[in-house]
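Protein chains in written order, with my numbering: chain X, 1 to 343; chain C, 344 to 686. Glycine is no exception: its CB is placed at the ideal position from the N, C-alpha and C atoms. All values reported here derive from a predicted model rather than from experimental measurement. Working notes, structure below.
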DNA sequence: TGCATAACGGAAAACGATTTCCACAAAAGT
DNA sequence: ACTTTTGTGGAAATCGTTTTCCGTTATGCA
């Protein structure tokens with residue numbers, strides 16, 4: 001009713017005009033090499049002249065696939081995801097897929113409802129940052145026979161057999177800790193990510209392991225449960241700096257946390273890194289513009305996106321990927337927010 | 344071929360199992376009130392038990408609409424867009440639409456190709472930040488008869504009759520300038536947004552008007568063409584601070600520019616706001632965590648998203664909106680990056 | 001000249017829901 | 001008891017492609 005002003009040509013109209021049959025038009029559009037050059041040019045010309053654009057819904061219905069993929073994120077405002085999403089878009093486009101982006105706000109119900117888009121045939125597969133797999137699975141049966149094409153990005157669910165792309169968060173926690181230990185820090189505070197999130201737990205694990213290995217004990221009062229937001233960085237610093245025995249360094253499990261922490265430390269009058277060092281994780285673009293520029297353990301965000309998209313589309317198209325799990329290398333970016341521990 | 348492991352029930356299967364006809368199943372699912380409670384419960388139970396989920400592609404094909412909308416952005420990594428996109432998603436979801444997000448990288452060809460998704464019936468409408476309308480229009484005919492549902496967000500094309508949601512950028516330029524003038528600044532540098540973008544041109548216009556009105560002349564050497572990126576903020580400051588006659592304030596046409604500018608000023612050893620004031624535009628979430636917290640002219644980002652989504656969906660559904668153009672109020676957030684001009 | 005191959009036409013099934021048309025029954029109203 | 005509603009069944013058209021199944025003609029090659 002609404003917008004009939006756009007008369008939609010059907011393939012039959014083109015066929016009639018060009019004096020060929022529909023099959024030929026379809027072949028010309030989808031398998032150009034199966035049509036003689038002469039007919040191809042003829043059909044193409046008519047298509048151009050009349051401005052025909054095939055209805056992809058019809059094609060999708062017939063072919064049983066939509067050539068769309070979905071990305072589920074807990075929070076698209078987190079700049080961590082931007083480069084990942086952008087890369088996924090680029091690769092998908094190159095391979096003929098469109099991307100549907102979803103902000104699930106970490107809500108299981110929303111995750112499941114979005115996941116239904118696979119069942120409704122609106123998308124052919126899903127890239128998800130959630131460690132909850134939004135499909136019912138029977139653990140006694142092989143997973144890949146029950147799940148639609150799905151790739152776990154950055155955050156991993158604990159099921160084996162689910163394709164995953166991300167980093168080694170235990171190692172990240174260790175590397176960050178060792179960087180601070182190397183500067184002589186012994187009282188290191190931690191502002192974690194969202195507590196139920198695996199990446200946060202693993203970074204904590206790596207952190208503790210590094211301390212243990214260096215024979216440094218950890219004061220549990222120096223641990224603040226954050227949630228990967230700037231706000232939790234602010235709150236964490238405020239809480240911890242009230243302690244009698246203050247830390248000389250903060251290990252923030254995300255760059256956004258670190259940005260908030262830097263802000264709060266500034267407010268309280270501390271100098272970074274002279275009084276207190278701060279290290280983050282993620283390597284978001286803005287981290288280099290912090291005051292001071294943030295030392296951080298950078299993730300290969302573009303690469304994560306690249307692997308996710310490639311993996312998912314391979315799965316969709318039935319190409320068996322050689323590897324289902326990709327753990328990509330991280331990199332410690334030493335900038336100005338960390339320095340020697342004060343005496 | 345790829346994933347037949349998911350046997351897809353069709354509506355006929357449900358009808359048979361429930362002992363009713365397909366029309367009844369369809370009615371139950373789409374117009375529950377046109378079916379007796381008894382049959383409704385029966386059908387619903389079968390639907391639940393068998394886990395039936397209707398194929399939306401088929402429905403879309405038949406109904407001639409996909410219940411998808413597209414958002415075209417030049418750069419999804421710009422945190423300016425995040426709250427807008429998130430709000431659009433929320434409203435769309437509530438009204439039964441899915442959102443397809445596109446990063447066009449300001450490329451006209453990409454914009455056009457994405458816009459074709461309307462013609463291929465993959466989306467019912469578009470929200471675009473580009474001032475290029477990616478459809479051919481005949482200016483002698485009424486626009487609304489030629490264009491599919493489309494809404495211009497934040498950046499406006501120069502055609503009348505296109506639905507638009509945004510702010511008054513001339514006023515924003517004026518307000519920012521007057522704030523600095525009020526602090527006694529007379530040499531104010533400007534780092535603009537992308538030069539061909541209307542919002543940047545208008546902010547400049549407002550800025551110049553305010554100076555003129557205050558009887559302050561503008562030194563053209565204090566104008567640096569940026570592109571809304573952090574990098575251009577850095578570059579702008581470096582270029583302008585090499586001048587013999589330096590400014591006492593920077594008006595950055597975007598918060599990202601301002602973040603880069605703050606960074607570069609810090610590198611050069613200037614104190615903000617004691618030596619130099621900096622004001623931004625946009626009011627992105629991170630602006631409050633800058634060092635010092637950024638004075639900025641904030642846009643009502645959530646509201647922009649809200650109006651865009653509502654407007655577009657109303658257009659799609661044939662409801663004639665009362666207003667096609669919404670200019671929403673901005674707000675000067677005075678924080679710590681601006682202060683009195685040094686003597 | 002003969003024959004394999006390629007190119008294309010014609011017609012129709014298929015994808016899976018929506019929607020219409022008509023008939024017919026049961027429930028509700030007068 | 002008679003007329004309206006209301007609810008439902010049965011069957012089929014429809015959306016616009018893709019794809020198959022032949023059959024036919026043109027082309028190329030030996």
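| Query | Result |
| --- | --- |
| First and last residue of the uninterrupted alpha helix (DSSP H) at residue 550 of chain C | 541–556 |
| Option nearest residue 649 of chain C by Cα separation, candidates C/387, C/427, C/684, C/598 | C/427 |
| Cut-off 7 Å between Cβ atoms - residues of its own chain near residue 99 of chain X, not counting five sequence neighbours on either side | 69, 71, 88, 89, 92 |
| Presumed contact (8 Å Cβ cut-off) between residue 602 of chain C and residue 324 of chain X, rounded CB distance | Between residue 324 of chain X and residue 602 of chain C the Cβ distance is about 39 Å, and since that is not below 8 Å, they are no contact. |
| Per-residue contacts from residue 157 of chain X into chain C (C-beta, under 7 Å) | Result: empty, since nearest Cβ-Cβ is about 20 Å, beyond 7 Å. |
| Contact check, residue 583 of chain C vs residue 532 of chain C, beta carbons under 8 Å | yes |
| Min CB distance residue 360 of chain C to chain X below 8 Å | no |
| Three-state secondary structure (DSSP) of residue 445 of chain C | strand |
| Rounded separation between residue 398 of chain C and residue 57 of chain X - CA only | 11 Å |
| Candidates C/546, C/655, C/661: closest to residue 673 of chain C by CA position | C/546 |
| Residues, ordered as in the chain, of the stretch 410–437 of chain C that lie near chain X by beta-carbon distance below 7 Å | 419, 420, 422, 425, 426, 428, 429, 432 |
| Selection of the stretch 465–477 of chain C by Cβ proximity to chain X, strictly under 8 Å | 465 |
| Cβ contact check for the stretch 381–400 of chain C and the stretch 453–471 of chain C: 3 or more pairs under 8 Å | no |
| Residue 137 of chain X at chain C interface by Cβ criterion, 8 Å | no |
| Residue 214 of chain X, buried or exposed, once every other Cβ within 10 Å from all chains shown has been counted against 16 | exposed |
| Exposure of residue 290 of chain X, with buried meaning 16 or more beta-carbon neighbours within 10 Å | buried |
| Beta-carbon separation (whole angstroms), residue 332 of chain X vs residue 179 of chain X, contact threshold 8 Å | 6 Å |
| Test: residue 112 of chain X CB closer than 8 Å to a CB of chain C | no |
| Cross-strand partners of residue 277 of chain X (DSSP beta bridge) | X/249 |
| Within-8 Å CB hit, residue 308 of chain X to chain C | no |
| Limits of the alpha helix (DSSP H) - the one that residue 332 of chain X falls within | Taken as a continuous stretch (DSSP letters only), residue 332 of chain X belongs to no alpha helix (DSSP H), being part of the beta strand (DSSP E) at 331–333. |
| Residue 664 of chain C in three-state terms, based on DSSP | coil |
| 8 Å Cβ cutoff met for residue 616 of chain C and residue 679 of chain C | yes |
| Three CB pairs or more closer than 8 Å across the stretch 469–476 of chain C and the stretch 491–505 of chain C | yes |
| Positions along the stretch 389–402 of chain C whose CB lies within less than 8 Å of some CB in chain X | 396, 397, 398, 399, 400, 401 |
| Delimiting residues of the beta strand (DSSP E) encompassing residue 166 of chain X | 164–167 |
| Residue-chain proximity (residue 665 of chain C, chain X), Cβ-Cβ < 8 Å | no |
| Reduced DSSP secondary structure (H/G/I, E/B, other) of residue 503 of chain C | coil |
| Contacting positions in the stretch 594–611 of chain C - beta carbon closer than 8 Å to chain X | 602, 603, 605, 606, 609 |
| Any chain X beta carbon closer than 8 Å to residue 441 of chain C | yes |
| Chain-ordered neighbours of residue 103 of chain X on chain C, where CB pairs are closer than 7 Å | 429, 432 |
| Closer than 8 Å to chain C by CB, residue 119 of chain X | yes |
| Same chain, Cβ closer than 7 Å to residue 486 of chain C, neighbours up to 5 away in sequence not counted | 480, 502, 504, 505 |
| Outcome for residue 661 of chain C when other beta-carbon atoms lying within 10 angstroms are tallied against a minimum of 16 | exposed |
| Pairwise C-alpha distance: residue 406 of chain C and residue 353 of chain C | 17 Å |
| C-alpha distance - residue 295 of chain X paired with residue 606 of chain C, whole-angstrom precision | 15 Å |
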